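**Student:** For what it's worth, the working numbering labels the leading residue of the sequence shown as 1, then goes sequentially.
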Amino acid sequence: MKQKYLTIGFISLLSFSSCTELQQIATQIPTQTGGIAGVSSTRIAEGLKQALNFGIQEGITSLGKKDGFFGNSLTKILLPQELQKVDNTLRNIGLGSLADEGLKLLNRAAEDAVVEATPIFTNAITSMTFNDAKGILLGNDNAATNYLQRTTQTQLFSAFKPKIDNSLGKVGADKIWEQIIGKYNTFTGQSVNTDLNSYVTEQAINGVFKMVAQKEEGIRNNIGLRTTPLLQEIFALQD
Numbered sequence: 001m002k003q004k005y006l007t008i009g010f011i012s013l014l015s016f017s018s019c020t021e022l023q024q025i026a027t028q029i030p031t032q033t034g035g036i037a038g039v040s041s042t043r044i045a046e047g048l049k050q051a052l053n054f055g056i057q058e059g060i061t062s063l064g065k066k067d068g069f070f071g072n073s074l075t076k077i078l079l080p081q082e083l084q085k086v087d088n089t090l091r092n093i094g095l096g097s098l099a100d101e102g103l104k105l106l107n108r109a110a111e112d113a114v115v116e117a118t119p120i121f122t123n124a125i126t127s128m129t130f131n132d133a134k135g136i137l138l139g140n141d142n143a144a145t146n147y148l149q150r151t152t153q154t155q156l157f158s159a160f161k162p163k164i165d166n167s168l169g170k171v172g173a174d175k176i177w178e179q180i181i182g183k184y185n186t187f188t189g190q191s192v193n194t195d196l197n198s199y200v201t202e203q204a205i206n207g208v209f210k211m212v213a214q215k216e217e218g219i220r221n222n223i224g225l226r227t228t229p230l231l232q233e234i235f236a237l238q239d
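This is the structure we're talking about:
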C-alpha cells in the first residue's frame with residue numbers, strides 16, 4: 001500500500017511539461033561544469049533544491065495545523081480496508097458519531113506528528129548532488145520517487161512511528177478506538193485487530209509527499225509561484 005501511494009504521489013513531482021522536453025533539456029547537461037543556455041549545472045541543482053525545500057516547508061506547515069490532514073481531501077486519512085466494515089456497522093447501529101470521532105482523531109495524530117519530517121527531508125535535499133539532480137532529469141517517471149524513497153523513507157518511518165504512538169495517546173485516539181473495536185466485536189461476535197499506529201504513520205508520510213508534489217507541480221506550471229530569482233531562472237528553461 002505504501003509503495004503504491006508513494007509512486008502515485010511523486011509521478012508528477014519533478015516532471016517537465018512533456019517527456020520530449022525533458023529529454024531535450026536533460027541531454028544538454030553532459031557534465032557538472034556544463035549547463036543550459038548559460039545557466040550552470042550547479043545553479044540548476046540549486047534551483048531543484050530550492051523548489052523542493054519550498055514544497056516541504058509549505059506542505060508541512062499546512063499539514064501541521066488543525067484539520068491539516070482531516071480538512072484536506074488530498075491528504076485526509078481514511079480507514080484501512082479491514083476497518084471499513086467496523087465503520088459501517090457502527091453507523092448502522094446508531095453509533096455514527098463515535099465512528100466520526102475515531103476517524104478525526106487518527107488525522108489529529110498525524111497533524112501532531114508531521115513536523116518530524118522537516119529535518120529529514122531537509123537533510124536529503126541538502127545532500128543532493130549534481131549527479132542526483134541529473135539522474136532525476138534523465139530518469140524515468142519514477143526517478144524522483146526513487147531518490148526520495150531511497151534517502152528518506154526508512155528515516156521518516158522511524159521518526160514518525162514513536163511520534164504517532166505518542167500522538168494517538170495524546171489526542172485520545174487509542175481509547176476511542178479501543179471503544180470502537182470493543183463495541184464492534186461485542187455486537188458482531190467477531191474479533192477485529194489492526195495495527196493502526198503503523199497505518200497512520202504510513203498515511204502521514206504519504207500526505208507529506210502529496211503536498212510536496214503539489215507544490216512542485218505548481219512551481220513548474222505557474223510562473224506566478226516562482227517567487228525567487230533562482231526559481232524564475234531555472235524553471236524558465238522548461239517553458
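Note that the Cβ used here is the ideal one computed from N, Cα and C, for glycine as well. None of the values given here were measured: they were computed from a predicted structure.
Are the beta-carbon atoms belonging to Ala236 and Met128 less than 9 Å from one another?
**Tutor:** It is not a contact, given that the beta carbons lie outside the stated cut-off.
**Student:** Please state whether DSSP places Asp174 in a helix, a strand or coil.
**Tutor:** helix
**Student:** Measure the C-alpha to C-alpha separation of Gly224 and Gln57 and round it to an integer number of angstroms.
**Tutor:** 18 Å
**Student:** So the alpha helix (DSSP H) Arg108 belongs to, where does it begin and stop?
**Tutor:** Gly96 to Ala113
**Student:** Would you mind sorting Asp112 into buried or exposed? The rule is 16 or more other CB atoms within 10 Å of its CB.
**Tutor:** buried
**Student:** Whose C-beta lies closer than 7 Å to the C-beta of Leu103 among residues of the same chain, with five residues either side of it excluded?
**Tutor:** Leu79
**Student:** With Arg226 as the anchor, note down where its alpha helix (DSSP H) starts and where it stops.
**Tutor:** Unbroken run through Arg226: none, as it is neither H nor E.
**Student:** Hey, how far is the Cα of Ile125 from the Cα of Gln190?
**Tutor:** 47 Å
**Student:** Quick one: measure Cβ to Cβ for Lys161 and Thr201, integer angstroms, because I've assumed they're closer than 8 Å.
**Tutor:** Between Thr201 and Lys161 the Cβ distance is about 5 Å, and since that is below 8 Å, they are a contact.
**Student:** On the CB-based measure, 16 or more other CB atoms within 10 Å of its CB, does Gln232 come out buried or exposed?
**Tutor:** exposed
**Student:** Could you check whether the region 58 to 70 touches the region 207 to 223, counting it as contact only if at least three pairs of C-beta atoms, one from each stretch, sit closer than 8 Å?
**Tutor:** yes
**Student:** Would you report the Cα separation of Thr152 and Gln81, rounded to the nearest angstrom?
**Tutor:** 26 Å
**Student:** With the cut-off set at 9 Å, would you say Arg43 and Ile234 are in Cβ contact?
**Tutor:** Ile234 sits close to Arg43, with the two beta carbons spaced by under 9 Å.
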